[in-house]
Structures are given as structure tokens and as C-alpha cells.
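First residue of the sequence shown? That's 30 in our numbering, and the numbers climb one at a time after it.
All C-beta atoms, glycine included, are put in the ideal place defined by N, C-alpha and C.
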Amino acid sequence: MYPRVEISLDKIRHNAEKLIALCNDSGINVAAVTKVFCGMPEIAKVLVESGASILADSRIENLKRMQSIDIPKLLLRLPMISQASEVVKFADISLNSELDTIKALSKKAIEKSIVHNVILMIDLGDLREGIIDEKEIFQNVGEILKLEGINLIGIGTNLTCYGGVIPKQENLNHLINIKKEIEKKFSIRLEIVSGGNSSSLHLLQCGEGIPKGINQLRLGESIVLGRETAYGNRIQDTYEDCFTLITEIVEIKEKPSLPIGEIGMDAFGNKPVFQDRGIRKRAICAIGKQDVSTDNIVPEDDKISILGGSSDHLIIDITDSSSSYKIGDRVSFKLSYGGILSTLTSEYVKKIFV
Numbered sequence: 030m031y032p033r034v035e036i037s038l039d040k041i042r043h044n045a046e047k048l049i050a051l052c053n054d055s056g057i058n059v060a061a062v063t064k065v066f067c068g069m070p071e072i073a074k075v076l077v078e079s080g081a082s083i084l085a086d087s088r089i090e091n092l093k094r095m096q097s098i099d100i101p102k103l104l105l106r107l108p109m110i111s112q113a114s115e116v117v118k119f120a121d122i123s124l125n126s127e128l129d130t131i132k133a134l135s136k137k138a139i140e141k142s143i144v145h146n147v148i149l150m151i152d153l154g155d156l157r158e159g160i161i162d163e164k165e166i167f168q169n170v171g172e173i174l175k176l177e178g179i180n181l182i183g184i185g186t187n188l189t190c191y192g193g194v195i196p197k198q199e200n201l202n203h204l205i206n207i208k209k210e211i212e213k214k215f216s217i218r219l220e221i222v223s224g225g226n227s228s229s230l231h232l233l234q235c236g237e238g239i240p241k242g243i244n245q246l247r248l249g250e251s252i253v254l255g256r257e258t259a260y261g262n263r264i265q266d267t268y269e270d271c272f273t274l275i276t277e278i279v280e281i282k283e284k285p286s287l288p289i290g291e292i293g294m295d296a297f298g299n300k301p302v303f304q305d306r307g308i309r310k311r312a313i314c315a316i317g318k319q320d321v322s323t324d325n326i327v328p329e330d331d332k333i334s335i336l337g338g339s340s341d342h343l344i345i346d347i348t349d350s351s352s353s354y355k356i357g358d359r360v361s362f363k364l365s366y367g368g369i370l371s372t373l374t375s376e377y378v379k380k381i382f383v
């Protein structure tokens, strides 16, 4: 049953309860992001039990896995027009920035005799999704309100994920002001102001606070790794090891540090560079770059170093370890957010609840 990721539901529950309470104390609801673990229902249920008001994912396939959980579902990634029918069927809410897409959602919602909820995304400078021109924002709102089968329930923004722009009082207050202008101009009430993701938590951590009026955050990484993502600081009294990768050793040999012969490209088209450290004791673990990048794993044995890998093999240096590893032994690794995402996506890595 290796390689495998061991998942601690108790630690996830602890983190979720801690962060959701922190947000609720500031009048903020949490949309728990499930994409990093591919919408596994076992984990999603824990998040709901911990107080999440919405389950949010970027993939329709993951939302389908969670349909038995009776709570609103939010599609995080901007919908594809080609998936409009599935979007209105499996997502109660979607984030949108393109009027043509919202019109397509309207058409499919009418066909299914349902109403689909929309959050209009505003770009505050991070330059990923969202409308950046304020004139266009109001033009779009006017058109959206004419559509049948569509309910505009709020506005939102995304920060940090692409441009690295950090949520601050200034840019989040700008989002609140846009919300107020929309409400005044169109005589409507917007239920949700979604103020970003785990990067916004630093405002609660530092005591500065999130501006009053922001009433939703979309939290994923902070729950599974116990940290805010603006500066990467740990959140007190949370776990960073909710997910652990366990691999099995399939070879142990003493070999030179430098390959023998002319060096060309590796299996991924890169020309590797090596440091001559003499003869070293090396182990190969049965996992590869097809499952996880070596940049996204850290050995729990701090005397082990990662040398590299290929599609199916992970090569580590065990020379300095105090453990006497042998063939068939396990080696454990901490996972970054990207490591959790890739290992849980890989069908070749087992998933075990502990």
C-alpha cells in the first residue's frame, strides 16, 4: 500500500474549527476550499461539521463527489461555457467575470427551471480573474440583472494567487465601496462580499482586522497547512502535518555523486548539474515526478537530502542519517500545498485516513 498519503481527519478538524471560529468572530463566513484533496467527501464532511458555510472547488468533477453533502457548493474557477449545463446542475454558486458566460449559465438555468447564483469577480490588481475597469463592472451588473435564471448575490476578489498582491485595508475597502455603489445605483442588496483566500488571514493575525463589510473568505491552504498565505506565517495552535507522504525504499547502493560519462538532457528535457561529494549512500523510493515534484516534499528525517528523481523514482541521500535503512523500509515526507495537491490527484498514490 505504498506510496501513500496518510490523512489525519482529527488535525484537519482542529485547524478548520480554529480558523472558522477566528473568521466568525469577525462576522466572516468561510467557504471551505476542497480542491487540494479533490473533493474527498470524508474530508468535506469534517469541514462542514467544523462550521463551513459553503464547500468550494475549482473542478466540477470534485463538486459531483460532494453532492450528497447538504450544503451550498461554490465553483471557484471561472466557468467554461462548454460546461454551463453541469455548472448550474452541480454548483449552487459560481464566480464569474464574463457576461457571455453568465448568459450561457442563464440559458441552462432556464432550461432546468432553476436559479443559479453568481458572484461577480473584481480585479483589485492581482491580475488574475475579475473585471478591473469600474465602468465595465456597472455595465455588467446592469446586464446581469436583466437575465432570467441568474441571481447576483455578491461580488468578490482574488489576491496573492497570481500577482502576489497582499490583501490590505485599502484594497479590501475599495471592494466594499464598489459593493455600496452597486447597491445604490441599482437599488439591490448584495448578500456576499468575498474578500479573498487564506492570504487575507494575515489581517486577523496581525490584529489590524479585515474591513467590516467583508463577510466571506475562501479558505483552503490555511486549513490543511495551518498558515496564512500572504507572508507564509504559521497560525498559532494549528497543525502543518495533516497530510504525510509515506514511500518505500526499493534500492540502497553506495554510488559516486557524479554520473559517469557525458551529461545530456534528463527525462524532462533539462540538463542536470551535480556536485562532487564523493561516494554516497543513496536510496531509491518508489514514487516519481509523475506523482509529485521533488520541490514539494521535505524528508521528516532531517539527515536525508533529496538528490532528484525521474518519472517513477525518487533518489535520496541517506549517508548521514542515524537510521539504518534497508530495502522495504518506509521514508516519510512533509508536503507543501502543491505536494498535497499532486499526490492526492495521482491515482498511483494511496490515500489512507489515520
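Inter-residue CB distance, residue i and residue j (contact presumed, cutoff 8 Å)
{"i": "serine 18", "j": "glycine 183", "result": "Outside the displayed range of the chain (30 to 383) lies residue 18, so it cannot be described from this structure."}
{"i": "asparagine 325", "j": "serine 371", "result": "7 Å"}
{"i": "isoleucine 308", "j": "proline 288", "result": "Not quite, the Cβ-Cβ distance comes to about 14 Å (not below 8 Å), so this is no contact."}
{"i": "valine 116", "j": "lysine 141", "result": "Their Cβ separation, rounded to whole angstroms, is 11 Å, which puts valine 116 and lysine 141 out of contact at 8 Å."}
{"i": "lysine 310", "j": "glutamate 283", "result": "5 Å"}
Cut-off 8 Å between Cβ atoms - residues of its own chain near residue i, not counting five sequence neighbours on either side
{"i": "phenylalanine 215", "result": "Val170, Gly171 and Leu174"}
{"i": "valine 253", "result": "Ile41, Asn44, Val65, Phe66, Cys271, Phe272, Tyr366 and Ile369"}
{"i": "valine 34", "result": "Phe272, Thr273, Leu274, Ile275, Leu364, Ile369, Thr372, Leu373, Val378, Lys379, Lys380 and Ile381"}
{"i": "isoleucine 110", "result": "Asp129, Thr130 and Ala133"}
{"i": "methionine 95", "result": "Thr63, Gly68, Pro70, Ala73, Leu84, Asp86 and Lys102"}
{"i": "phenylalanine 167", "result": "Glu210, Ile211 and Lys214"}
{"i": "leucine 105", "result": "Val62, Lys64, Ala85, Asp86, Ser87, Leu124 and Arg247"}
{"i": "leucine 48", "result": "Val59, Leu230, Leu248, Ser251, Ile252, Ile264 and Thr267"}
When the options are compared against residue i, the one with the closest alpha-carbon
{"i": "leucine 176", "options": "Thr186, Arg247 and Val147", "result": "Val147"}
{"i": "asparagine 187", "options": "Ala133, Val144, Leu204 and Ile179", "result": "Leu204"}
{"i": "isoleucine 243", "options": "Phe119, Ile313 and Gln198", "result": "Gln198"}
{"i": "glycine 185", "options": "His145, Leu124, Ala138 and Val144", "result": "Leu124"}
{"i": "aspartate 358", "options": "Val279, Glu163 and Thr348", "result": "Val279"}
{"i": "phenylalanine 297", "options": "Thr258, Asp341, Ile166 and Glu257", "result": "Asp341"}
{"i": "valine 327", "options": "Gln319, Ile344 and Glu127", "result": "Ile344"}
{"i": "isoleucine 264", "options": "Cys235, Pro32, Glu283 and Lys208", "result": "Cys235"}
{"i": "asparagine 200", "options": "Gly178, Gly255, Leu48 and Ile161", "result": "Ile161"}
{"i": "serine 97", "options": "Pro196, Tyr191, Phe119 and Gly255", "result": "Phe119"}
{"i": "glutamate 78", "options": "Arg88, Ile100, Ile89 and Lys93", "result": "Ile100"}
{"i": "glutamate 46", "options": "His145, Thr267 and Gly290", "result": "Thr267"}
{"i": "threonine 189", "options": "Leu156, Lys164, Glu165 and Glu163", "result": "Leu156"}
{"i": "tyrosine 191", "options": "Glu165, Asp152, Asp121 and Lys164", "result": "Asp152"}
{"i": "isoleucine 89", "options": "Ala81, Asp121 and Ser82", "result": "Asp121"}
{"i": "alanine 259", "options": "Arg306, Pro196 and Ile292", "result": "Pro196"}
Contacting residues, own chain, Cβ-Cβ under 6 Å from residue i (five flanking each side not counted)
{"i": "arginine 247", "result": "Ala60, Val62, Ala85 and Asn226"}
{"i": "glycine 154", "result": "Val194"}
{"i": "serine 334", "result": "Asp346"}
{"i": "threonine 323", "result": "Ile335 and Gly338"}
{"i": "lysine 208", "result": "Ile184, Leu219 and Val222"}
{"i": "proline 32", "result": "Thr276, Ile316 and Val378"}
{"i": "valine 360", "result": "Thr276 and Cys314"}
Buried/exposed call for residue i, threshold 16 Cβ in 10 Å
{"i": "proline 108", "result": "buried"}
{"i": "valine 321", "result": "buried"}
{"i": "lysine 102", "result": "buried"}
{"i": "arginine 218", "result": "exposed"}
{"i": "methionine 24", "result": "Shown here, the chain extends from 30 to 383; a query on residue 24 therefore has no answer."}
{"i": "glutamate 158", "result": "buried"}
{"i": "lysine 332", "result": "exposed"}
{"i": "leucine 76", "result": "buried"}
{"i": "glycine 238", "result": "exposed"}
{"i": "glycine 249", "result": "buried"}
{"i": "proline 387", "result": "Residue 387 lies beyond the range of the chain shown here (30 to 383); nothing can be said about it."}
{"i": "serine 126", "result": "buried"}
{"i": "methionine 150", "result": "buried"}
{"i": "isoleucine 356", "result": "exposed"}
{"i": "glycine 56", "result": "exposed"}
{"i": "alanine 50", "result": "exposed"}
Close beta carbons around residue i, own chain, < 7 Å, minus the five adjacent residues each side
{"i": "phenylalanine 382", "result": "Ile36, Leu38 and Glu71"}
{"i": "asparagine 91", "result": "Thr63, Lys64, Cys67 and Gly68"}
{"i": "glutamate 257", "result": "Ser227, Ser228, Leu230, His231, Gln234, Ser251 and Ile264"}
{"i": "proline 240", "result": "Gln198, Leu201, Asn202 and Ile205"}
{"i": "threonine 348", "result": "Arg309 and Lys310"}
C-beta contact flag for residue i and residue j at 7 Å
{"i": "isoleucine 281", "j": "alanine 312", "result": "yes"}
{"i": "asparagine 58", "j": "glutamine 304", "result": "no"}
{"i": "alanine 113", "j": "glycine 178", "result": "no"}
{"i": "asparagine 202", "j": "valine 144", "result": "no"}
{"i": "aspartate 330", "j": "serine 353", "result": "no"}
{"i": "glycine 255", "j": "glutamate 269", "result": "yes"}
Near the ligand ZN: residue i beta-carbon under 6 Å from a heavy atom
{"i": "valine 147", "result": "With respect to the ligand ZN, the structure offers nothing, as it holds no ligand at all."}
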